[in-house]
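Order-wise, the sequence lines are chains R and V. Residue numbering for the first sequence is 195 to 465, as defined by my numbering. Residue numbering for the second sequence is 25 to 398, as defined by my numbering. By construction, the Cβ of each residue, glycine as well, lies at the ideal position given by its N, Cα and C atoms. Report on the following structure.
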Amino acid sequence: MKRKWLSGPYVLWMVLFTLIPLGVVLYFALTDAATGKFTLSNLAKIADYWPIFLRSIWLSIIATLICLLIGYPVAYFIAHCKPTTQRLLQMMIMLPMCISFLLRTLAWVALLDDTGIINNFLTSIGLSPLPLIRNNGAVILGMVYNYLPYMILPLFTVLMKIDPRLIEAAEDLGCNSRQVFSRVILPLSVPGIVSGITMVFVPAVSTFYISQKLGSPGTILIGDVIESQFKAAYNPNFGAALSLVLMVLIFVCVGVMNRFTNDDEESMVTL
Amino acid sequence: MSQELIRLTNLVMEFDGERVLDSINLYINDKEFLTLLGPSGCGKTTTLRVIGGFLTPTSGDVLFDGKRINDVPAYKRKINTVFQRYALFPHLDVYDNIAFGLRIAKLDEKEIDERVTEMLEIVSLKGFENRKVTSLSGGQQQRVAIARALVNRPKVLLLDEPLGALDLRLRKDMQNELKRIQQAMGITFIYVTHDQEEALTMSDTIVVMDKGKIQQIGKPEDIYNEPKNAFVADFIGESNILDGVMLEDCKVRFFGRTFACVDKGFEKNEPVDVVIRPEDIDIVEADAGHLCGTVTSVTFKGVHYDTIVDFKGFKWLIQTTDYCPEGSYIGIRLNPEDIHIMRKSEYSGMFGDYSSYSAEYDEIADAEGSEDEA
Numbered sequence: 195m196k197r198k199w200l201s202g203p204y205v206l207w208m209v210l211f212t213l214i215p216l217g218v219v220l221y222f223a224l225t226d227a228a229t230g231k232f233t234l235s236n237l238a239k240i241a242d243y244w245p246i247f248l249r250s251i252w253l254s255i256i257a258t259l260i261c262l263l264i265g266y267p268v269a270y271f272i273a274h275c276k277p278t279t280q281r282l283l284q285m286m287i288m289l290p291m292c293i294s295f296l297l298r299t300l301a302w303v304a305l306l307d308d309t310g311i312i313n314n315f316l317t318s319i320g321l322s323p324l325p326l327i328r329n330n331g332a333v334i335l336g337m338v339y340n341y342l343p344y345m346i347l348p349l350f351t352v353l354m355k356i357d358p359r360l361i362e363a364a365e366d367l368g369c370n371s372r373q374v375f376s377r378v379i380l381p382l383s384v385p386g387i388v389s390g391i392t393m394v395f396v397p398a399v400s401t402f403y404i405s406q407k408l409g410s411p412g413t414i415l416i417g418d419v420i421e422s423q424f425k426a427a428y429n430p431n432f433g434a435a436l437s438l439v440l441m442v443l444i445f446v447c448v449g450v451m452n453r454f455t456n457d458d459e460e461s462m463v464t465l
Numbered sequence: 025m026s027q028e029l030i031r032l033t034n035l036v037m038e039f040d041g042e043r044v045l046d047s048i049n050l051y052i053n054d055k056e057f058l059t060l061l062g063p064s065g066c067g068k069t070t071t072l073r074v075i076g077g078f079l080t081p082t083s084g085d086v087l088f089d090g091k092r093i094n095d096v097p098a099y100k101r102k103i104n105t106v107f108q109r110y111a112l113f114p115h116l117d118v119y120d121n122i123a124f125g126l127r128i129a130k131l132d133e134k135e136i137d138e139r140v141t142e143m144l145e146i147v148s149l150k151g152f153e154n155r156k157v158t159s160l161s162g163g164q165q166q167r168v169a170i171a172r173a174l175v176n177r178p179k180v181l182l183l184d185e186p187l188g189a190l191d192l193r194l195r196k197d198m199q200n201e202l203k204r205i206q207q208a209m210g211i212t213f214i215y216v217t218h219d220q221e222e223a224l225t226m227s228d229t230i231v232v233m234d235k236g237k238i239q240q241i242g243k244p245e246d247i248y249n250e251p252k253n254a255f256v257a258d259f260i261g262e263s264n265i266l267d268g269v270m271l272e273d274c275k276v277r278f279f280g281r282t283f284a285c286v287d288k289g290f291e292k293n294e295p296v297d298v299v300i301r302p303e304d305i306d307i308v309e310a311d312a313g314h315l316c317g318t319v320t321s322v323t324f325k326g327v328h329y330d331t332i333v334d335f336k337g338f339k340w341l342i343q344t345t346d347y348c349p350e351g352s353y354i355g356i357r358l359n360p361e362d363i364h365i366m367r368k369s370e371y372s373g374m375f376g377d378y379s380s381y382s383a384e385y386d387e388i389a390d391a392e393g394s395e396d397e398a
């Protein structure tokens with residue numbers, strides 16, 4: 195029973211730096227900037243920003259799906275390599291994560307800019323430059339590039355754990371390789387898909403730096419709005435209200451997704 | 025019972041240049057219960073996996089109903105497998121696990137339901153339909169695995185050490201159960217085990233393997249009573265194996281004495297291995313015995329005593345219900361039918377000495393010394 199004290203430092207940490215700040219956010223969101231009195235006007239104002247909320251969620255969903263489509267085959271491939279190759283490939287996937295997030299995004303600016311590396315190359319061979327930056331596509335590209343490793347790694351871990359004898363058993367029972375995948379491998383990798391999606395979607399939906407550097411004023415995301423409330427508009431009360439709503443929306447999205455996969459996850463847990 | 029179903033001809037399997045199966049020739053009859061028996065690494069599971077289609081042989085042929093099936097993938101063979109440690113699908117419940125093969129075969133749900141229900145009854149798992157397979161005990165998982173394979177009505181069922189993970193009591197029950205199912209459904213069983221008792225109990229035919237080669241094929245009684253070489257004699261049951269010389273038909277000399285036996289067809293004065301089963305030896309008074317020796321250890325085993333007797337430095341195991349205390353001087357008598365003669369083989373001299381059988385440390389040290397000499 196004494197073991198429960200082992201979690202003490204973390205509990206203290208969480209109370210100080212998660213629960214209390216959340217309370218502060220809640221307080222700011224529900225009070226008036228000037229008078230400090232209770233008000234719902236901050237939350238009411240949010241209605242004007244619904245399109246930005248929806249765009250943030252929409253772009254993040256697309257980025258997450260692209261990550262899944264790219265990440266699953268890669269994770270599957272790595273899971274079937276020899277252990278030494280696996281380690282090498284795993285390291286290559288994690289390598290970009292060792293470089294600053296800001297630097298990586300700026301590097302894309304240098305690549306995609308109207309006078310950037312790619313367009314300079316195109317003009318030098320006589321082609322007209324392409325509008326590669328300051329649009330939704332560039333924002334999605336930035337999200338995919340930055341968050342792809344967080345999709346691949348949980349998928350890889352789950353695919354590695356699938357017992358090869360289950361695949362033999364499926365073949366034994368008449369499955370061709372396509373059926374082995376759809377009947378056994380895919381259902382058994384659902385927990386990896388869920389955690390991959392969560393780990394990409396959640397940071398993507400609240401990002402602001404990617405959209406500032408790769409997007410246009412027309413592709414502003416909710417993260418940008420929140421940032422500007424604190425840094426430019428000096429309205430922390432409204433910023434807090436936005437953060438609160440975003441948090442609730444993320445909970446709803448993740449909750450809906452988990453509802454779809456709950457049964458499978460349980461069976462994996464008891465495995 | 026006699027129609028041939030599967031034939032392996034000159035089957036060779038190599039992994040990275042290492043020969044795991046060496047010219048295996050074997051035929052398996054329809055509705056037969058055939059057991060591949062041998063120590064781990066003998067090639068029995070490899071043989072099974074070749075028949076199942078999970079491995080393609082390096083050379084040689086696999087024939088099914090007279091047709092060569094070397095290149096037919098596992099999912100197209102009319103063969104199903106019960107895997108070691110079951111390999112049940114953790115994301116499906118008991119019912120869906122059993123129905124898996126039928127759904128792949130696209131049977132209509134009504135027939136699937138009938139057949140799954142029938143199988144659940146055969147393996148006594150009625151009422152377990154919606155249980156998660158991960159919540160079942162080892163024996164229950166085992167039965168789901170058997171049902172999942174049998175529901176497809178295969179011509180052949182391959183079983184890879186299916187009872188290895190079960191405790192003794194459950195294993196005995198499942199042995200009977202499997203034999204009953206095999207006879208009731210009239211399916212060919214190819215069974216892999218390292219447990220000689222299991223093989224003797226269940227099989228119509230036993231194939232004893234070692235080092236990638238078949239050592240002997242035969243009925244359980246024949247394998248036990250007429251082992252072909254020292255390996256088989258030692259692996260199936262307990263054996264005292266001695267050096268002897270065949271003087272002429274029905275006459276063998278060992279331990280400086282000539283004994284009558286029932287074996288024929290050896291060269292004059294051919295050196296041979298002599299097998300004497302521990303339970304065939306009669307203990308008598310010292311002066312009435314063919315051979316006399318001193319008891320060095322006695323272990324109570326329930327049904328009998330394992331008695332180790334030292335005859336001129338060679339230790340024999342005798343299984344007897346008569347208690348002879350340690351240190352007593354006794355005689356033994358051997359009847360002609362208790363003596364079994366085998367030709368010399370690569371295994372001669374490797375087995376059949378019970379020096380290491382005792383719990384006493386100095387005797388174990390002796391045994392290690394004698395192994396070094398060999």
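Measure the Cβ-Cβ separation of residue i and residue j and say whether it is below 7 Å.
i, j, result
"Ser227 (chain V)", "Pro251 (chain V)", "no"
"Ala111 (chain V)", "Arg281 (chain R)", "no"
"Leu32 (chain V)", "Val86 (chain V)", "yes"
"Gly18 (chain V)", "Ala310 (chain V)", "Given a span of 25 to 398 for chain V in the structure shown, any question on residue 18 (chain V) remains unanswerable."
"Gly257 (chain R)", "Asn236 (chain R)", "Checking the displayed sequence, the identity of residue 257 (chain R) turns out to be Ala instead of Gly. Not a contact, by the Cβ cut-off of 7 Å."
"Leu382 (chain R)", "Ile416 (chain R)", "no"
"Met270 (chain V)", "Val298 (chain V)", "no"
"Val256 (chain V)", "Leu60 (chain V)", "no"
"Asp184 (chain V)", "Leu29 (chain V)", "no"
"Glu172 (chain V)", "Ile211 (chain V)", "The sequence shown places Arg at residue 172 (chain V), rather than the Glu named in the question. Not a contact, by the Cβ cut-off of 7 Å."
"Val394 (chain R)", "Tyr428 (chain R)", "no"
"Thr398 (chain R)", "Ser254 (chain R)", "Per the sequence presented here, residue 398 (chain R) reads as Ala, with Thr not at that position. Contact: yes."
"Asp418 (chain R)", "Ser405 (chain R)", "yes"
"Asp334 (chain V)", "Thr323 (chain V)", "no"
"Val352 (chain R)", "Ala364 (chain R)", "no"
"Ser389 (chain R)", "Pro323 (chain R)", "no"
Consider the Cβ of residue i: report whether some Cβ of chain V lies at a distance smaller than 7 Å.
i, result
"Gly368 (chain R)", "yes"
"Glu421 (chain R)", "no"
"Leu380 (chain R)", "no"
"Ala363 (chain R)", "yes"
"Leu360 (chain R)", "yes"
"Val450 (chain R)", "no"
Can you find a CB in chain C that lies within less than 7 Å of the CB of residue i?
i, result
"Tyr248 (chain V)", "This model lacks chain C altogether; the protein chains it does include are R and V."
Checking contacts by CB at 7 Å: is residue i closer than that to chain R?
i, result
"Ile30 (chain V)", "no"
"Asn121 (chain V)", "no"
"Leu35 (chain V)", "no"
"Gly125 (chain V)", "yes"
"Tyr99 (chain V)", "yes"
"Asp390 (chain V)", "With a pLDDT of only 38 at Asp390 (chain V), under the threshold of 50, the placement of this residue in the model should not be trusted, and no figure is reported."
"Phe213 (chain V)", "no"
"Phe107 (chain V)", "yes"
"Ile305 (chain V)", "no"
"Asn94 (chain V)", "no"
"Ala129 (chain V)", "yes"
"His115 (chain V)", "yes"
"Asn49 (chain V)", "no"
"Asn154 (chain V)", "no"
Following the continuous alpha helix (DSSP H) through residue i, name the residue where it begins and the one where it ends.
i, result
"Arg127 (chain V)", "118 to 128"
"Phe232 (chain R)", "Unbroken run through Phe232 (chain R): none, as it is neither H nor E."
"Glu145 (chain V)", "133 to 146"
"Met285 (chain R)", "277 to 288"
Pull the bridge partners of residue i from the DSSP assignment, please.
i, result
"Asp306 (chain V)", "V:Arg357"
"Phe213 (chain V)", "V:Phe57, V:Leu181"
"Asn264 (chain V)", "V:Ile300"
"Cys316 (chain V)", "V:Gly355"
Could you spell out the range, first to last residue, of the beta strand (DSSP E) harbouring residue i?
i, result
"Trp207 (chain R)", "Element bounds for Trp207 (chain R): not the beta strand (DSSP E) but the alpha helix (DSSP H), 202 to 208."
"Tyr243 (chain R)", "Looking at the DSSP string, Tyr243 (chain R) is not in any beta strand (DSSP E), and its letter there is neither H nor E."
"Val86 (chain V)", "83 to 88"
"Lys339 (chain V)", "338 to 344"
"Asp330 (chain V)", "329 to 335"
"Leu29 (chain V)", "28 to 39"
(message) Taking contact to mean 3 or more Cβ pairs, one atom from each stretch, closer than 8 Å, check whether the region 278 to 294 of chain V and the region 353 to 364 of chain V are in contact.
(response) yes
(request) Kindly confirm or deny that the region 94 to 105 of chain V and the region 250 to 267 of chain V touch, where touching means at least three C-beta pairs closer than 8 Å. (result) no
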